[in-house]
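Using our numbering, read the sequence shown as starting at -14 and increasing by one per residue.
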Amino acid sequence: MAAIKLTKNELKAQKDALKMYQRYLPTLTLKKQQLQTEIRTIDARAKEVRSKRKALDAEFEAWIAVFGESEVFKKDTVTVRNIRKSTGNIAGVVIPVYEGADFSRGDYDLYAEPLWIDLASVKMEQALSLDLEADVLEEQVRLLTRELRTTTQRVNLFEKVKIPETKANIKAITVYLGDQQVAAVVRGKISKKNLELAAEKEKAARAAKGDVK
């Protein structure tokens, strides 16, 4: 604990600081709870999207295998031309929001290629869209997790360090000022008593001089 000044001004400063910590702690705690809830929800959504992607991929491979022409459908048959995103805000954190994507299809001869290639292209676009959505959801989780870490550190700082420390400072200053006040009263009484004794001695001395005369 850092050294503090044992003065009335410092006591006021410590009380003001305590009020500030106690005012902001509930807000920080609420934000922490909100972030935890949002992270769980978004993470579950991301896992759901990834699961759909895997299921679609398995269905896609099994479906193409039926035709025995898997080499016809190449990776560059469908490509991502543009990813559409907007921004959202959760507990003060700006996050990306997936809005969809635009795709391009490679040139192929409809007369030369199998009839199912168009349908396969649609399936691939769906698969790619799921990948992109999951990526954005995972980015949301990453950003919110970083903010949760910072918020948790602040909650712990206020709850476990600043508030107990400030309360201890207030107690120490209050006790010191109380002791000083008691000491001042005692000194005042002693001083008054000494003055009374001095006055009595002086009176006695004067009386004695009067007797001598």
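A virtual CB, placed ideally from N, CA and C, is assigned to each residue, including glycine.
For clarity, every value in this text was computed on a predicted model and none was experimentally measured.
Neighbour-count burial assignment, residue i, 16 or more Cβ in a 10 Å radius
i, result
"Val126", "buried"
"Gln138", "exposed"
"Leu180", "exposed"
"Val121", "buried"
"Leu104", "exposed"
"Glu132", "buried"
"Lys108", "buried"
"Asn154", "buried"
"Ala112", "buried"
Neighbourhood of residue i by C-beta, 6 Å cutoff - its chain only, sequence neighbours within 5 removed
i, result
"Glu144", "none"
"Phe52", "Residue confidence for Phe52 is low, a pLDDT of 49 falling below 50, so the modelled location carries little weight and cannot support an answer."
"Leu115", "Val34, Lys37, Arg38"
"Leu(-9)", "Ile158, Tyr161"
Distance between residue j and residue i (C-alpha atoms, nearest Å)
i, j, result
"Leu128", "Asp42", "28 Å"
"Leu20", "Gln165", "49 Å"
"Val197", "Ala189", "Note that Val197 scores 45 on pLDDT, short of 50, meaning its location in the model is unreliable and no value can be drawn from it."
"Tyr9", "Ser176", "49 Å"
"Ile75", "Tyr161", "47 Å"
"Val78", "Thr26", "16 Å"
"Lys194", "Leu182", "18 Å"
"Ala157", "Leu(-4)", "9 Å"
"Leu117", "Leu142", "38 Å"
"Ile24", "Glu110", "27 Å"
"Gly73", "Arg134", "20 Å"
"Gly173", "Val167", "10 Å"
"Pro11", "Val140", "9 Å"
"Ser71", "Glu150", "44 Å"
"Ile(-11)", "Thr159", "12 Å"
"Val170", "Glu185", "22 Å"
"Phe45", "Ser106", "10 Å"
"Ala29", "Ile80", "17 Å"
"Lys0", "Lys(-7)", "11 Å"
"Glu187", "Ala(-2)", "49 Å"
"Thr130", "Thr22", "11 Å"
"Val82", "Ala47", "32 Å"
"Arg191", "Lys178", "20 Å"
Spatial neighbours of residue i in its chain, beta-carbon cut-off 7 Å, leaving aside the 5 residues before and after
i, result
"Thr136", "Leu13, Lys16, Lys17, Leu20"
"Ala31", "Ala119, Leu122, Glu123, Val126"
"Thr163", "It should be noted that the sequence gives Gly, not Thr, for residue 163. Result list for Gly163: empty, nothing under 7 Å."
Boundaries of the beta strand (DSSP E) in which residue i is found, first to last residue
i, result
"Phe88", "78 to 90"
"Ile75", "63 to 75"
Same chain, Cβ closer than 8 Å to residue i, neighbours up to 5 away in sequence not counted
i, result
"Lys147", "Ala2, Tyr6"
"Lys152", "Leu3"
"Glu84", "Arg69, Lys70, Ser71"
Task: Three CB pairs or more closer than 8 Å across the region 61 to 68 and the region 82 to 89 - done: yes
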